[in-house]
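In our numbering, the protein residues as written are 1 to 112. First up is the structure itself, then whatever we jot down about it.
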Amino acid sequence: MTLLTRTQLCEALRVETTRIDVWISAGWIRPVVAEGDPGPRFSPADTARAAFLLSLERDMALDAETVETMLSLVDQIHGLRHELRRLGQAIEAQPEHVRREIAARVSGRPGG
Numbered sequence: 001m002t003l004l005t006r007t008q009l010c011e012a013l014r015v016e017t018t019r020i021d022v023w024i025s026a027g028w029i030r031p032v033v034a035e036g037d038p039g040p041r042f043s044p045a046d047t048a049r050a051a052f053l054l055s056l057e058r059d060m061a062l063d064a065e066t067v068e069t070m071l072s073l074v075d076q077i078h079g080l081r082h083e084l085r086r087l088g089q090a091i092e093a094q095p096e097h098v099r100r101e102i103a104a105r106v107s108g109r110p111g112g
């Protein structure tokens with residue numbers, strides 16, 4: 001996983017460092033700060049989130065409160081996707097007759 005410096009992130013997004021600093025201060029992006037590093041490092045997830053933030057602010061002209069709400073909703077969606085993935089894995093680990101019963105109940109059909 002390649003981590004970007006603040007400068008690299010700013011260049012990739014074509015934004016000033018102050019905008020990145022605002023996002024960090026708001027807790028909207030959470031870079032890695034490792035001992036010995038001269039500054040924060042940004043993961044690919046941080047980079048994608050920063051690009052999303054830029055789109056919300058610049059392209060959609062959303063205010064900070066609305067951006068906060070949007071981020072909360074996106075985070076909830078990601079959390080739910082993770083939970084559904086884990087649920088699917090748990091179901092897949094069950095015997096075939098249990099999986100059929102679950103599928104029947106989810107689809108509204110009685111019995112298996």
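C-beta atoms are modelled at their ideal positions from N, C-alpha and C, and glycine is treated no differently.
Burial state of residue i (16 or more Cβ within 10 Å)
| i | result |
| --- | --- |
| Ala45 | exposed |
| Pro38 | exposed |
| Ile77 | exposed |
| Leu71 | buried |
| Leu145 | With the chain represented from 1 up to 112, any question about residue 145 goes unanswered, as that position is not in the structure. |
Beta-bridge pairing of residue i - partner residues as DSSP gives them
| i | result |
| --- | --- |
| Leu3 | Leu3 is not bridged to any residue. |
| Val32 | Arg41 |
Sequence-distant residues of its chain with Cβ nearer than 8 Å to residue i (five each side left out)
| i | result |
| --- | --- |
| Met1 | Ser43 and Pro44 |
| Thr17 | Arg6, Thr7 and Cys10 |
| Arg41 | Leu3, Leu4, Thr5, Pro31, Val32, Val33 and Ala34 |
| Leu62 | Leu56 and Met70 |
| Val74 | Phe52 |
Own chain residues within Cβ distance below 7 Å of residue i, not counting five before or after
| i | result |
| --- | --- |
| Ile91 | Arg99 and Ile102 |
| Thr66 | none |
Cβ-based neighbour list, residue i, same chain, cut-off 6 Å, excluding 5 preceding and 5 following
| i | result |
| --- | --- |
| Ala12 | none |
With a cut-off of 8 Å, do at least 3 Cβ pairs link the stretch 50-59 to the stretch 9-25?
The count of Cβ pairs closer than 8 Å, one atom from the stretch 50-59 and one from the stretch 9-25, reaches three, so the stretches are in contact.
Curious, which full-length alpha helix (DSSP H) runs of at least 4 residues does the stretch 40-94 contain?
For the stretch 40-94, whole alpha helix (DSSP H) runs of length 4 or above, ordered along the chain, are 44-54 and 64-92.
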